[in-house]
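Scroll down for the structure; my scribbles are underneath it.
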Amino acid sequence: MKHRGRHRRRRRGKALRAALAGAALALTGAATMISASQATVADDPGALEPFTSSAATEDLRLTEHHVPRPWLDRLSAAMGQPVGVGAVLDSADHALRDADDCTTGEREALPVSPAATRAYCWEEGDTEGWRPGAVTTSGDADEDGRWGTHRVVLSAWTRDDGTPEGGLARVSFVDADDPDHLTYTSALLAVPVDGGHDYRGLSSPVSGMVWYQDKLLVTAGTGGREALFVYDVDRIQRATTDGSTVGRVPGGWAAGGHPYVLPAIASYRLPDSSGAARPGAISLDRGTVPDSLVASERVPSDGDRPTRLWRYALSTDPARTGLPDADPAGHVDAVEAYETGAAEVGGVLSYRPAGAARADWYLGRAAGGDDGRGTLWRQDTEGARAGECGADRSQRCWSGPAGSLSYWAETGEVWSQSGRMLFAVPMGSIEDALD
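All letters in the sequence shown, in the order written, are residues -42 to -1, 1 to 393 by mature numbering (1 follows the signal peptide of the UniProt record, and there is no 0).
Structural data, given as structure tokens:
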């Protein structure tokens, strides 16, 4: 039985690779047609410019604020014992489809070059009315790539309520143990209020998300001073009613129709300055000592200033697992920062190849509008390089929305999502495409 199961997986793997290869060929032709009406070569962002003074990083400083422990304990006492990731995965009630079972329209969201080697599409009924956001994995959470015994992908979504800010935010927990059968369920992101007697939904698009140790850090684009919210994956609460409301209701607790809710345990606030940098995309870099949180902001293509890229050191204090390194006053300062000419940055990754003296920065740039494809750039202090595709060597080869980037060291893959497609691209393929 084990041998037959292995053969089935091999046949499905071959079918998937064939489907993706066919999609890549079709999309290459589409990219060539698109580039006829777009610039053939995207604007070169040039070399990274390092910040040269400590004063220049003041707009990157964050201040830590914890939700009072009595609030969290009061909420847990009222809602019941929190559950962990394993319990959430065991209750997964939705399934992702392999790329060869997705529609042509869905597969058009995939990058052309480098091509995805693993790709899946979400259930239409479950994601209708929701905008895809950031991706992180158990490869971020732990060096061995697993959370307990599970390989897990986390995918953020924001309710599309017709406003730029978006409505409710949720995270889908994907059981990725079997690459041929991915299942998932979702938890609503929330913020405790009223002394822990209630909670409200996090009304913010989650464009960046990193799962590090037992903490989940997500971006907050609400327009207030909050830059990041922090969640504890060991404090997942069960909703007791499937009502569409959020918070305490007569007889129980509701999470907008979701089976679980994650209450925030802390937040990081921006400085009170006009130039404060709001993180738009974030990712984890395990190539630094200590590990670091990488961030970028999103500056529109018609903006009048460069885009900032920076990193925060993550704490090595056992009492501060999963949190950025803060001074006694709760301040978190950037330990490295640059300016780039790239605009519309939707994904950022810092990666140091074996034997390299320093890390390269990878930026996923949006298409600049609702149509067309994005560009994937690699930058350092000496210059920039983009991948090419199509007969005219267009640089618009990446997914158009340019979602977040998450490197899974155990598998050597970079994960992202675009539209209703969740996909992985080998880091080696990205390197080859950019060399």
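We put the CB at the ideal spot given by N, CA and C, even for glycine.
This one's a predicted model, so the numbers in the text were calculated from it and none came from an experiment.
| query | result |
| --- | --- |
| Extent of the continuous alpha helix (DSSP H) run through SER387 | 385 to 392 |
| Rounded distance between the beta-carbons of GLY106 and LEU30, thought under 8 angstroms | Between GLY106 and LEU30 the Cβ distance is about 23 angstroms, and since that is not below 8 angstroms, they are no contact. |
| Sequence-distant residues of the same chain with beta carbon closer than 7 angstroms to GLY299, five excluded per side | PRO3, GLY4 and PRO264 |
| Option in SER364, VAL151 and LEU281 with minimal Cα separation from TYR309 | SER364 |
| Cβ-based burial, ARG65 [other Cβ within 10 Å; buried from 16] | buried |
| Anticipated Cβ contact below 8 angstroms, VAL168 with SER71, distance rounded | Incorrect: roughly 27 angstroms between the Cβ atoms, too far for contact. |
| Where GLY43 sits in the DSSP three-state scheme | Inspection of the sequence shows that residue 43 is occupied by Val rather than by Gly. Looking at VAL43 - three-state DSSP - the assignment turns out to be helix. |
| Beta-carbon proximity check, SER165 vs ALA239, cutoff 8 angstroms | yes |
| CB contact flag (ALA292, THR85, <8 angstroms) | no |
| Inter-residue Cα distance where the pair is ALA185 and TYR226 | 6 angstroms |
| 7 angstroms CB neighbourhood of HIS(-36) in its chain, flanking five on each side removed | With a pLDDT of 37 at HIS(-36), under the threshold of 50, the modelled position of this residue cannot be trusted; read the value that follows with caution. Once the five neighbours on either side are set aside, HIS(-36) has no close Cβ partner at all. |
| Contact set for PRO28: own chain, Cβ-Cβ below 8 angstroms, skip 5 residues either direction | GLY153 and GLY154 |
| Alpha carbon of PRO237 to alpha carbon of LYS173, nearest angstrom | 17 angstroms |
| Selection from ASP350, TRP268 and GLU297 that minimises the alpha carbon distance to VAL290 | TRP268 |
| Buried or exposed by the 16-neighbour rule on C-beta atoms within 10 Å, applied to ASP136 | exposed |
| Cα-Cα separation, TRP115 to ALA287 | 33 angstroms |
| CB-CB length for ALA222 against ALA317, believed under 8 angstroms | In fact, because the Cβ distance is near 30 angstroms, the residues do not count as touching under 8 angstroms. |
| Distance, PRO150 Cα to LEU228 Cα | 20 angstroms |
| Per-residue DSSP class, three states only, for ALA(-20) | No answer about ALA(-20) holds up, because its pLDDT of 48 lies below 50 and its placement is not dependable. |
| C-beta atoms of ALA92 and SER376 nearer than 8 angstroms | no |
| Counted within 10 angstroms of its Cβ, other Cβ atoms place GLU346 as buried (16 or more) or exposed | buried |
| Euclidean distance between Cα positions of SER259 and VAL46 | 40 angstroms |
| Distance CB(GLU368)-CB(VAL383) smaller than 8 angstroms | no |
| C-alpha distance - LEU307 paired with GLU82, whole-angstrom precision | 29 angstroms |
| Beta-ladder partner(s) of GLN195, from DSSP | VAL219 |
| Spatial distance of TYR78 from ARG19 (CA atoms) | 38 angstroms |
| For ASP100 and ALA277, the rounded distance between their alpha carbons | 17 angstroms |
| Outcome for GLY125 when other beta-carbon atoms lying within 10 angstroms are tallied against a minimum of 16 | buried |
| Short Cβ contact (8 angstroms threshold) for THR279 with GLN171 | yes |
| Whole-angstrom C-beta distance between TRP356 and LEU6, which should lie under 8 angstroms | In fact, because the Cβ distance is near 19 angstroms, the residues do not count as touching under 8 angstroms. |
| Rounded separation between GLY386 and ASP102 - CA only | 19 angstroms |
| Beta-carbon spacing of LEU146, ARG128 below 8 angstroms | yes |
| The segment 204 to 214 in contact with the segment 48 to 61 per 3-pair CB rule at 8 angstroms | no |
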